[in-house]
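Asks:
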Amino acid sequence: MPKNLFIVSTELQSGLTSVSMGLVRALDGVGVRVGFFKPVAQTSNRDRVDHSVNYIRARTTLDPPDPIPLKDAQDRINQGHSGQLMEDIIEGHYNASKGCDVVVVEGLVPDRQESYVQRLNMEIARNLDAQIILVSAPGERTPKEMTEHLAFSQRIFSESSQPELEVLGVILNRLNEPANRSLPLSAVNPPPVQEFDWQEECDIFCENGLQLIGAIPWRRELIAPRVRDVAHELGADMIFKGSLDTRRVHQLSIVARTIPNMVDSLLPGTLVVTPGDREDIVLAAALAALSGVPLAGLVLTGGLIPDERTQHFCQAALDTGVTVLTTTMDTYYTTHCLAGMDTSVPMEDTERVEKVMQATAEGIDAEWLRQHLSVDREPRLSPPAFRYLLTQRAREANKRIVLPEGNEPRTLAAAARCQERGLARCALIGSPKDIHTVAESKGISLPEGIEIIDPDEVRESYIDAMVELRRHKGMKPDMAEALLEDNVMLATLMVALDEMDGLVSGAVHTTANTIRPALQLIKTHEQARIVSSVFFMCLPDQVRVYGDCAVNPDPNAEELADIAIQSADSATTFGITPKVAMVSYSTGDSGTGDDVEKVRKATAIARKRRPDLIIDGPLQYDAAATESVAKSKAPNSPVAGKATVFVFPDLNTGNTTYKAVQRSANVVSIGPMLQGLRKPVNDLSRGALVDDIVFTIALTAIQARQVETQGLT
1 MPKNLFIVST ELQSGLTSVS MGLVRALDGV GVRVGFFKPV AQTSNRDRVD
51 HSVNYIRART TLDPPDPIPL KDAQDRINQG HSGQLMEDII EGHYNASKGC
101 DVVVVEGLVP DRQESYVQRL NMEIARNLDA QIILVSAPGE RTPKEMTEHL
151 AFSQRIFSES SQPELEVLGV ILNRLNEPAN RSLPLSAVNP PPVQEFDWQE
201 ECDIFCENGL QLIGAIPWRR ELIAPRVRDV AHELGADMIF KGSLDTRRVH
251 QLSIVARTIP NMVDSLLPGT LVVTPGDRED IVLAAALAAL SGVPLAGLVL
301 TGGLIPDERT QHFCQAALDT GVTVLTTTMD TYYTTHCLAG MDTSVPMEDT
351 ERVEKVMQAT AEGIDAEWLR QHLSVDREPR LSPPAFRYLL TQRAREANKR
401 IVLPEGNEPR TLAAAARCQE RGLARCALIG SPKDIHTVAE SKGISLPEGI
451 EIIDPDEVRE SYIDAMVELR RHKGMKPDMA EALLEDNVML ATLMVALDEM
501 DGLVSGAVHT TANTIRPALQ LIKTHEQARI VSSVFFMCLP DQVRVYGDCA
551 VNPDPNAEEL ADIAIQSADS ATTFGITPKV AMVSYSTGDS GTGDDVEKVR
601 KATAIARKRR PDLIIDGPLQ YDAAATESVA KSKAPNSPVA GKATVFVFPD
651 LNTGNTTYKA VQRSANVVSI GPMLQGLRKP VNDLSRGALV DDIVFTIALT
701 AIQARQVETQ GLT
């Protein structure tokens, strides 16, 4: 039977839904098979979809049953049918808990006008034999006041229930939240919020034995609405769509001032609100957009619209993604509406849901929960669990990773994030002036400790080392100096000289630009015949490894065997038990031809070189991946239907397959990660997102640790 965690709020506005979602993500991240169940929806509208259930369905593979509307539950209790109500709740829980170790059960939020809600929470928790986790938002309370508040809430469950319910611990949410958490004015600095060490200063955690399971800070970026949400709130008309669905509003700038007095408010994520006849402000905003500042958009008030000639003049700026809205309301009333805007997450805003889940999960001690609940089965490596594993191992590795594309905005943002989260010590190569300019224009705060290396200042000191490494190729100082003008070559030399532990490039360079210097200066390690690559494909239920989808056009049987061994070792490094499928258009002995024969020969070579690995082939993809197909096509195969590593016969097949799976199934792919080099060098897709780069940096740090521990030289 699964363990049940009943999550209940001690007050209104504690963020119960976000904590419940974050707890699901956090437990999944440490390998727990977790389910979600919401017994009763906090709404009397039977047609309305519950937010929690909708979010969970959108961002996980879970499909929890629809909750019972609160009005229905209330009516059944009033009619003396509470027993039947509990039976229906238990049936729903049974359906939600199949195959789970732990089920997160979200309770109802207590409301002064619905005094029976907390009693209903206790009744449900008791019938599900659940342990209670309290969720509370301290707000302006002191630690002493918080202790009293939590002690009272604990007594409600422990003293008012027969049998007594166990309050397992507390998750504190929205720590250091300002009194006014609406969209801020860009020119106004919010008053500082007093911060406390809740673990040390709250007596209830020190003396009463209550566990502080999570401490989740309030983050302003998590309340940032899309421009689309603002347009809906105002009922505004659209003059220019721009990036309506993707850009977010981080602050407001109410502008009726002259240009010199308002330019400092034109910051990334700013929504400019101004009378529609202030065409000078429109032009200033257009200039900011052309300068690389990603403004959220403009709201033109008073029902006034700029002249068509002005709009045409600003077209290039608008094409950068700036949305322009118009409303008949005056500036004062527009500002009033925006200040009171609901900051809860719209159900269709899945990007923001994901950020809230991840940020909340990071503040929860899921490992303590896993150990406390005695969940000790072999973990399932789901995509969240894989990402968690990456971040934990990258922090432990503590490696120095060089990024030769230092002034590229996505790379810069990723480096800042990695530095803040301790995933790597990042070194950016580029002009310090250019890097700081890009950071300022994109609203990127460079954390303390991030390293910036000016190539113009250090290039000359590497000429002799370059000559020495390439002397056998006739390298001369003038040739070395010319080659080192390429920042990728310079960064690769730093790695080859052991000054850096690894390199990540490719946001603006081709794969060849990244790999060629590595082959020339770092070379393959002694156990590798070739350099190859893998992608980590984050499918909904598990992570699979695809190789080689990026480097070798048509490997021969020996090289294909090497790719299989490298890919299996990479899987092991990142916590995936390797079961290697050598993919072909034929399964077993059913087909003939040169291509099938190559795969068959490669399988035999790989088995001979590494008898410890589970390898089989040739296997068709469906036979390797799907258990039902495997039963008919390869019933005796140790891999068919259970493959975790897929080795493709050539680049055409591998690259096409990974992109087809990625796009058609909306799968996140991490990679390509290069294999076989003495020191890790990794390539990025030129369409890589910031998160893609962050995880590639983490991969590189872990590879560097592996090279160090295994002594691959």
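Take the sequence shown: its position 246, counted from the start at 1, is 246 in the working numbering, and no numbers get skipped. Just so it is clear, CB atoms sit at the ideal spot from N, CA and C, and this is done for glycine as well.
1. Work out the CA separation of alanine 41 and glycine 506 for me, nearest whole Å.
2. Do you know offhand how far tyrosine 388's Cα is from aspartate 330's?
3. Measure the C-alpha to C-alpha separation of aspartate 280 and serine 532 and round it to an integer number of angstroms.
4. Is it right to say aspartate 349 is buried, meaning 16 or more other beta carbons lie within 10 angstroms of its own, or is it exposed?
5. With a Cβ-Cβ cutoff of 8 angstroms, do aspartate 562 and arginine 607 count as a contact?
6. Flag this pair as yes or no: are the beta carbons of leucine 373 and valine 167 separated by less than 8 angstroms?
7. Less than 7 angstroms between the CB of aspartate 548 and some heavy atom of the ligand ATP, yes or no?
8. Rounded to whole angstroms, what's the CA-CA distance from aspartate 501 to proline 680? Just pull it up for me.
9. Do arginine 33 and glycine 99 have their C-beta atoms within less than 8 angstroms of each other?
10. If you draw a straight line from the alpha carbon of alanine 722 to that of proline 294, how long is it in whole angstroms?
11. Give me, in chain order, the residues of the same chain whose beta-carbon lies closer than 7 angstroms to that of alanine 571; leave out the 5 immediate sequence neighbours on both sides.
12. If you draw a straight line from the C-alpha of valine 282 to the C-alpha of glutamate 354, how long is it?
13. With H, G and I counted as helix, E and B as strand and the rest as coil, what does DSSP make of glutamate 526?
14. Restricting to runs no shorter than 4 residues, where is the alpha helix (DSSP H) found entirely within the region 85-166?
15. Would glycine 107 and phenylalanine 6 qualify as a contact pair, given that the criterion is a beta-carbon distance under 8 angstroms?
16. Of the residues Gln675, Met489, Asp464, Ala285, which one's Cα is nearest the Cα of alanine 568?
17. Please report the Cβ distance between threonine 780 and serine 182, rounded to the nearest whole angstrom; I am assuming they are in contact, meaning their Cβ atoms lie under 8 angstroms.
18. Ignoring anything shorter than 3 residues, give me the beta strand (DSSP E) runs that lie fully in the region 547-614, in order along the chain.
19. So is serine 18 buried or exposed if we call it buried at 16+ other beta carbons inside 10 Å?
20. Kindly confirm or deny that the region 231-250 and the region 294-305 touch, where touching means at least three C-beta pairs closer than 8 angstroms.
21. Which parts of the region 430-505 are runs of the beta strand (DSSP E), unbroken and 3 residues or longer, counting only runs that do not cross its ends?
22. Kindly indicate which three-state DSSP category aspartate 691 falls into: helix, strand or coil?
23. Which stretch, first to last residue, makes up the alpha helix (DSSP H) that contains glycine 654?
24. Under the assumption that aspartate 454 contacts proline 432 (Cβ atoms under 8 angstroms), give the Cβ distance between them as a whole number of angstroms.
25. Between which two residues does the alpha helix (DSSP H) holding aspartate 72 run?
26. Check the DSSP bridge columns for threonine 323 and list the partner residues they point to.
27. Quick one: grab the DSSP three-state call for cysteine 418.
28. From the DSSP output, read off the bridge partner residues of proline 217.
29. Does the region 641-660 come close enough to the region 582-597 that 3 or more CB-CB pairs lie under 8 angstroms?
30. Relative to the C-alpha of arginine 247, which residue among Gly321, Asp307, Ala316 is closest?
31. Mapping DSSP to helix, strand and coil, what is cysteine 538?
32. Could you tell me whether the Cβ atoms of serine 590 and leucine 619 are closer together than 8 angstroms?
33. Kindly list the residues whose CB is nearer than 6 angstroms to the CB of proline 306, restricted to its own chain and excluding five residues on each side of it in sequence; keep chain order.
34. Using a threshold of 8 angstroms, state whether the C-beta atoms of leucine 27 and leucine 369 are closer than that.
35. From the DSSP secondary-structure annotation, give me the bridge partner or partners of phenylalanine 646.
36. Helix, strand or coil: which one does DSSP assign to arginine 226?
Replies: Once the coordinates are examined:
1. 48 angstroms
2. Rounded to whole angstroms, tyrosine 388 to aspartate 330 spans 48 angstroms at the Cα level.
3. About 56 angstroms.
4. buried
5. no
6. Not a contact, by the Cβ cut-off of 8 angstroms.
7. What this structure holds is no ligand at all, so the ligand ATP is not there to describe.
8. One alpha carbon belongs to aspartate 501, the other to proline 680, and they sit about 7 angstroms apart.
9. yes
10. The question about residue 722 has no answer, for the chain in this structure spans 1 to 713.
11. Val545, Pro578, Thr644, Val645
12. 34 angstroms
13. coil
14. DSSP assignment within the region 85-166 yields the following whole alpha helix (DSSP H) runs of 4 residues or more, N-terminal first: 117-127, 143-159.
15. yes
16. Gln675
17. Any question about residue 780 goes unanswered here, given that the chain covers just 1 to 713.
18. 579-583
19. buried
20. yes
21. 451-453, 502-505
22. Helix at aspartate 691.
23. Unbroken alpha helix (DSSP H) run through glycine 654: 651-664.
24. 6 angstroms
25. 70-78
26. Gly297
27. Reduced to three states, the DSSP call for cysteine 418 is helix.
28. Leu175
29. yes
30. Gly321
31. Reduced to three states, the DSSP call for cysteine 538 is strand.
32. no
33. Glu279, Val282
34. yes
35. Tyr546, Ala581
36. strand
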